[in-house]
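Count the sequence shown with our numbering and you get residues 48 to 324, in order.
Worksheet: the structure to be examined is printed underneath.
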Amino acid sequence: MSETKKYIIFGLIVLALLVAGNGMIYVKQDRKCPEITFPSEEVTYEAGTDQSVLMDGVVALDGKDGDVTETLRVAEVLPSDDNQTAMVVYFAKDRSNNVVRRTRKVNYIADTKSADEAEASKKKEETGKDEKDKKSEEQTASSASEQGEEQVSSSSTEQLTSTSGSSVTDGMDEDVKEAHKEGAKNNDEAIKLLDNNAPRLYLKQYAVQMGLGQDFDPLHYIGTLKDEKDSESELAKRVTVKGQVNNQETGVYRLEIYVVDVDGNQSNIATLAVFVK
Numbered sequence: 048m049s050e051t052k053k054y055i056i057f058g059l060i061v062l063a064l065l066v067a068g069n070g071m072i073y074v075k076q077d078r079k080c081p082e083i084t085f086p087s088e089e090v091t092y093e094a095g096t097d098q099s100v101l102m103d104g105v106v107a108l109d110g111k112d113g114d115v116t117e118t119l120r121v122a123e124v125l126p127s128d129d130n131q132t133a134m135v136v137y138f139a140k141d142r143s144n145n146v147v148r149r150t151r152k153v154n155y156i157a158d159t160k161s162a163d164e165a166e167a168s169k170k171k172e173e174t175g176k177d178e179k180d181k182k183s184e185e186q187t188a189s190s191a192s193e194q195g196e197e198q199v200s201s202s203s204t205e206q207l208t209s210t211s212g213s214s215v216t217d218g219m220d221e222d223v224k225e226a227h228k229e230g231a232k233n234n235d236e237a238i239k240l241l242d243n244n245a246p247r248l249y250l251k252q253y254a255v256q257m258g259l260g261q262d263f264d265p266l267h268y269i270g271t272l273k274d275e276k277d278s279e280s281e282l283a284k285r286v287t288v289k290g291q292v293n294n295q296e297t298g299v300y301r302l303e304i305y306v307v308d309v310d311g312n313q314s315n316i317a318t319l320a321v322f323v324k
C-alpha cells in the first residue's frame with residue numbers, strides 16, 4: 048500500500064472518531080424539561096392571601112435530576128373576566144436550566160374591596176380624561192399625517208420608555224444597558240412587520256445582568272401580551288421560550304420568546320440577552 052493511501056485511510060478514521068465523539072457529547076446534553084403534575088382535588092384561591100394553597104400537592108419531576116419540586120414557583124395568577132376562576136402559571140427547572148411552564152385552572156375569590164376602589168378610581172380618571180381628550184384632538188388634528196406613524200408603534204415606544212428608565216437599568220454595566228436599548232428597538236421593528244391578526248409580545252426589559260449561580264426565570268421578564276381575539280390570560284398559557292442559560296459559566300446567553308394565539312398566529316420574537324458575570 049502506498050504512503051498516500053495510508054494517510055487517506057488514517058485521516059478518514061480520525062474524522063469518523065471525531066464525528067462519533069461529537070455525537071456522544073450531543074446525546075449526553077440534557078435538553079428535556081421537567082414535568083409538573085397537579086393533584087386531582089379542586090383548589091380555591093382568594094386574592095391577596097398566602098399562595099401556599101396553590102403549591103399543595105404540586106410536584107415537578109425531571110428524567111435526569113429526579114425531584115426538582117424545590118424549584119417550583121407560582122409565576123402569576125390571572126383572573127378570568129368574571130373573577131370566578133383564575134389561571135395559575137407555574138414554572139420549574141432542572142440543573143441544566145431547562146425551564147418548564149404549565150398552567151392550571153382554580154376557583155377564584157376576588158378582593159372585592161380592592162375591586163370597588165379600582166372601579167371608583169377608574170371612573171374618576173375617565174371623567175377628568177374627557178376634557179383632556181377634547182383638547183388633545185384639536186391639537187393633533189393639524190398634524191394627523193405625522194402622528195400616524197407614531198401611533199403605529201405607540202405601544203412599543205411606551206414599553207421602551209418604561210423599560211429603559213433608571214429603575215430597570217440601575218446598576219447594570221454599560222454593555223448590558225446598550226443591549227437592553229437595542230433589544231427594545233429591535234422589538235419595535237419586529238412588531239411593525241406583523242399582520243393585524245398576529246399577537247404582540249413586549250418584555251419588561253430586554254437585557255438582564257446576573258451573577259454566577261444566581262437563579263433565573265425568563266418568565267418574570269414577560270411584560271405585555273396583546274391580541275385582537277385572545278385574552279392576555281389565554282396568551283400567557285401559550286408562551287414559548289427557546290434557549291438556555293448556564294448560570295455556572297460567565298457569558299452572554301440569548302433567549303427567544305414568542306407566543307402563538309388560539310388561531311395559530313405567531314407573535315414577534317422578542318430577544319432577552321442574559322449577561323452572566
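Each residue gets a CB set at the ideal place from its N, CA and C atoms; glycine is no exception.
Using 8 Å as the threshold, is the C-beta distance between P265 and L319 below it?
For P265 and L319, yes; Cβs fall inside 8 Å.
Taking all protein chains shown into account, do 16 or more other C-beta atoms lie within 10 angstroms of the C-beta of E303, making it buried, or fewer, making it exposed?
Result: exposed.
May I ask which residues mark the beginning and end of the alpha helix (DSSP H) holding M102?
S99 to M102
Taking the CB atoms as reference points, tell me whether C80 and V136 lie closer together than 8 Å.
no
Please classify Q256 as buried or exposed, where buried requires at least 16 other C-beta atoms within 10 Å of its C-beta.
buried
Can you give me the C-alpha to C-alpha distance between A317 and K232, rounded to a whole angstrom?
Their backbone Cα atoms lie some 10 Å apart in a straight line.
With a threshold of 8 Å, are at least 3 pairs of Cβ atoms found where one atom belongs to the segment 280 to 289 and the other to the segment 305 to 314?
yes
Shortest alpha-carbon distance to L101 belongs to which of N130, A157, E89 and D109?
The shortest Cα separation from L101 among N130, A157, E89 and D109 belongs to E89.
Measuring straight from C-alpha to C-alpha, what distance separates F322 and K224?
11 Å
Round the Cβ separation of A133 and A107 to the nearest angstrom and send it over; I've been treating them as touching at under 8 Å.
Between A133 and A107, the beta carbon gap of about 21 Å keeps them out of contact (Cβ cut-off 8 Å).
Can you round the beta-carbon distance between D158 and G95 to whole angstroms, since I take them to be within the 8 Å contact cut?
5 Å
L272 classed as buried or exposed, judged by whether at least 16 other C-beta atoms fall within 10 angstroms
buried
Tell me, which residues are paired with Q256 by DSSP?
F322
In or out: Y60 buried (at least 16 other Cβ within 10 Å) or exposed?
With the sequence shown as reference, residue 60 is identified as Ile, and Tyr is not the correct amino acid for it. Looking at its Cβ environment, which holds fewer than 16 other Cβ atoms inside 10 Å, I60 is exposed.
Please state whether DSSP places N293 in a helix, a strand or coil.
coil
Starting from G218 and walking both ways along the beta strand (DSSP E), at which residues does that stretch end?
G218 -> no beta strand (DSSP E), and no H or E assigned at all.
On the DSSP bridge list, what partners appear for V148?
In the sequence under discussion, the amino acid at residue 148 is Arg, which differs from the Val named in the question. Note: R148 sits in a beta bridge opposite F138.
What does the Cβ neighbour count give for Q261, buried or exposed, with the cut at 16 atoms within 10 Å?
By the beta-carbon neighbour count (other beta carbons within 10 angstroms, threshold 16), Q261 is exposed.
From G270 to R148, what does the alpha carbon distance come to, in whole angstroms?
16 Å
Can you tell me whether E303 is helix, strand or coil according to DSSP?
Three-state result, E303: strand.
Alpha carbon to alpha carbon, what distance is there between Q131 and K227?
Checking the sequence shown, residue 227 turns out to be His, not Lys. Note on geometry: alpha-carbon atoms of H227 and Q131 lie some 38 Å from one another.
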